[in-house]
Each structure stands twice: as C-alpha cells, then as structure tokens.
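For reference, the structure is listed below as structure tokens.
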Amino acid sequence: MRKKIIIIITIIIAMAAAAGGYWYFQKNRHNSKAPGAKSLADIQRNLTVEQEKAVNGRIQKAEDYLKTLKPEQKNYNYEQANTYEYLGQQYYALGQMQKSKDMYEKALALEPDDESMQVGLATTLTEAGDKAGARQFLEKALQSNPKDSDLWLRYIDLRQTMGATAQDLGDLYSQALEKTNNYIDVLTKDAAFQEQQGNTAAAISLWQQASKQQPDNQAYKEEIGRLQKLQ
Numbered sequence: 113m114r115k116k117i118i119i120i121i122t123i124i125i126a127m128a129a130a131a132g133g134y135w136y137f138q139k140n141r142h143n144s145k146a147p148g149a150k151s152l153a154d155i156q157r158n159l160t161v162e163q164e165k166a167v168n169g170r171i172q173k174a175e176d177y178l179k180t181l182k183p184e185q186k187n188y189n190y191e192q193a194n195t196y197e198y199l200g201q202q203y204y205a206l207g208q209m210q211k212s213k214d215m216y217e218k219a220l221a222l223e224p225d226d227e228s229m230q231v232g233l234a235t236t237l238t239e240a241g242d243k244a245g246a247r248q249f250l251e252k253a254l255q256s257n258p259k260d261s262d263l264w265l266r267y268i269d270l271r272q273t274m275g276a277t278a279q280d281l282g283d284l285y286s287q288a289l290e291k292t293n294n295y296i297d298v299l300t301k302d303a304a305f306q307e308q309q310g311n312t313a314a315a316i317s318l319w320q321q322a323s324k325q326q327p328d329n330q331a332y333k334e335e336i337g338r339l340q341k342l343q
C-alpha cells in the first residue's frame, strides 16, 4: 500500500512539473524575440560625408537632451516621446531601419495614439519591407483620424503594393471619398484608378466632381474631354 502511495505522489509531481513547464513556455513565447528573428536591414542612402555628419550631430543632440529630462517634469513623457520620434526620423534618414523602428516604438509606448508617430513607423516598416506591420499602424492612424486624405492615399497605395484586388481597392477608394467628403486628391487618384480598370464612365464622373470643386483647373477639363473621346 505504501509503495502505491509513493508511486501516485511521484506521478502527481511529474504531471505538475510538466504542466508548469508548458505554462511557462506559453507565457513567455510571445514575450521574447522569436529565435532567428531578423532585424530590419539597413538601406544605403548614399549620403555625402557632410550630410551623414549633420544627421549624426542631430542624433547626438537629441540623445543628450534625453539625459536632461527628469521624471518629475510635468511634460516628461511628452518630451521623451517627441525626442524618440525625432530620433526615429534621423535614423530613417541614415537608412538605419531597425534603429528607426526601435525609436518609434519607444515613442509609441509613451504616446500610443499619436498619429504622426504611427505614420512615421509605418513609413519605416514599408521601406524596410515589413508591409504587414506598416498596414497595422496605418489602420490605427485611420481609426483615429478617418478624415485624413493623405492617410487614406498612403493606405491604399500600400494595399496595392501588397496585392489587393481591384475590387478591394475600389472599395477603399469609396470609403476614402465618403470619409474625406470627396477630397480633391482622393477624387483625382480614384479617377486615374478607374481609368486603369477600364471604367471610363466612372473616371469621367470623378473628374467632373473634381472640376466642380476647382472650376478654374483646366487640366481636369482636359481629362474629361480626353476620356469622353474614348467612349
């Protein structure tokens, strides 16, 4: 009987250890960098020696400024976030994409809803080849500011490079026009897109809307005339 009890206790301990190991793995596998994960590759900017020196000088000044900030300052987080964003821009200028990403992530950790930081990180990720990551940040920015025409056009261009279907792109242009109240830049971009898809009547309609907004723009009238000849 005693032997049976010892065997049962041993089995229970082993099962608990296995469960604990599994729990630890599940908890930590998302909290650490995946084995073999690659950093973003640098991009050659072909800067002159003077240009590179100027950028590095700005980086040094920003890093020195960070050291002067004190936690008790009222605007401590704000100043930190803005400085990290600035550093992200400078490292982007140097083509050091991983460092640029790191700085933007530090900025967003302090100001997670800042649109310019989201767009800056998306720009870095796009050029570095992480288009899926860039898409996430542009979508967050659009959620915060759905009326921003520039954001919509950036997002649509990104989705196009990611292989979105013509139907999906058409839907995105429709959403962009609705959200931006037919902003002129969205109208003209959509007009060019519709022509590419062979939708001449839709393209003419969009150019006509653009012409109503800016009746003195002769280029819009010329586009209407050119397309009408193709019908």
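Numbering-wise, the sequence shown is residues 113 to 343 according to the working numbering.
Note that the Cβ used here is the ideal one computed from N, Cα and C, for glycine as well.
Being a predicted model, the structure only gives us computed values, none of them experimental.
Closer than 6 Å by C-beta to residue 307: which residues in its own chain qualify, once you throw out the five before and the five after it? Chain order, please. Looking up residue 307 in the sequence shown gives position 195. Excluding positions up to five away in sequence, the list reads 315.
Please determine, among 338, 339 and 151, the residue with the shortest C-alpha to C-alpha distance to residue 237. In the sequence shown, residue 237 corresponds to position 125, counting from 1. If we check each option's Cα against that of residue 237, 151 comes out closest.
Rounded distance between the beta-carbons of residue 188 and residue 417, thought under 8 Å: Residue 417 falls outside the range modelled here, since the chain spans only 113 to 343, and no answer is possible.
At 3 residues or longer, what runs of the beta strand (DSSP E) sit wholly inside the segment 165-215? none
Run the CB neighbour count on residue 337, radius 10 Å, all protein chains shown included, and call it buried at 16 or more, exposed below. Reading the sequence shown from its first residue, position 225 is the one you call residue 337. Exposed.
Limits of the unbroken alpha helix (DSSP H) element including residue 157: Residue numbering aside, residue 157 sits at position 45 when the sequence shown is read from its first letter. Here residue 157 belongs to no alpha helix (DSSP H), and DSSP marks it neither H nor E.
Report, in whole angstroms, the separation of the C-beta atoms of residue 154 and residue 209, which I expect to be a contact under 8 Å. In the sequence shown, the residue the question calls residue 154 occupies position 42. In the sequence shown, the residue the question calls residue 209 occupies position 97. About 6 Å separates the two Cβ atoms, so the contact holds.
Which residues in the same chain as residue 193 place their Cβ atom closer than 6 Å to its Cβ, once the five residues preceding and following it in sequence are excluded? For the purposes of this step, residue 193 is taken as residue 81 along the sequence shown, with counting starting at 1. Correct list, in chain order: 219, 222 and 223.
Taking 8 Å as the cut-off, does the segment 243-253 touch the segment 276-285 (at least 3 CB pairs, one atom from each stretch)? no
Counting only the same chain and skipping the five closest in sequence on each side, list residues whose C-beta sits under 7 Å from that of residue 195. Taking the first residue of the sequence shown as 1, we reach residue 195 at position 83. Here the set comprises 174, 177 and 178.
May I ask which residues mark the beginning and end of the alpha helix (DSSP H) holding residue 272? Counted from its first residue, the sequence shown places residue 272 at position 160. Where residue 272 is concerned, the enclosing alpha helix (DSSP H) stretches over 261-273.
By DSSP, does residue 242 sit in helix, in strand, or in coil? Residue 242 sits at position 130 when you count from the first residue of the sequence shown. DSSP places residue 242 in coil when its eight states are reduced to three.
Return the CA-CA distance between residue 325 and residue 299, expressed in angstroms with no decimal places. In the sequence shown, counting from the first residue as 1, residue 325 sits at position 213. In the sequence shown, counting from the first residue as 1, residue 299 sits at position 187. Their backbone Cα atoms lie some 10 Å apart in a straight line.
If I follow the unbroken alpha helix (DSSP H) through residue 312, where does it start and stop? For this step, residue 312 is matched to residue 200 along the sequence shown. Looking at the DSSP string, the run of the alpha helix (DSSP H) that includes residue 312 is 312-325.
In the DSSP assignment, the alpha helix (DSSP H) including residue 278 goes from what residue to what residue? In the sequence shown, residue 278 corresponds to position 166, counting from 1. Taken as a continuous stretch (DSSP letters only), the alpha helix (DSSP H) holding residue 278 covers 278-291.
With a threshold of 16 other CB atoms inside 10 Å of the CB of residue 332, please say whether the residue is buried or exposed. Reading the sequence shown from its first residue, position 220 is the one you call residue 332. Classification of residue 332: buried, given that the 10 Å Cβ count is 16 or more.
Measure how close the beta-carbons of residue 268 and residue 295 come, nearest whole angstrom, since I'm counting them as under 8 Å. Your numbering for residue 268 matches position 156 in the sequence shown. Your numbering for residue 295 matches position 183 in the sequence shown. With a Cβ gap of about 13 Å, residue 268 and residue 295 do not count as contacting.
Per DSSP, what kind of secondary structure is residue 309 in: helix, strand or coil? As a first step, residue 309 is located in the sequence shown; it is residue number 197 there, counting from the start. If DSSP states are grouped into helix, strand and coil, residue 309 belongs with coil.
DSSP three-state label for residue 151, please. Numbered from 1 along the sequence shown, position 39 holds the residue referred to as residue 151. Of the three classes helix, strand and coil, the one that applies to residue 151 here is coil, per DSSP.
Residue 332: first and last residue of the uninterrupted alpha helix (DSSP H) it sits in: Stepping through the sequence shown from its first residue, residue 332 is reached at position 220. It spans 330-342 - the alpha helix (DSSP H) in which residue 332 sits, taken as one unbroken run.
Does DSSP classify residue 223 as helix, strand or coil? Taking the sequence shown and counting its residues from 1, the one referred to as residue 223 is at position 111. In the structure shown, residue 223 sits in coil (DSSP, three-state: anything other than H, G, I, E or B).
Beta-carbon spacing of residue 199, residue 213 below 8 Å: Walking along the sequence shown from the start, residue 199 turns up at place 87. Walking along the sequence shown from the start, residue 213 turns up at place 101. Taking 8 Å as the Cβ cut-off, residue 199 and residue 213 do not qualify as a contacting pair.
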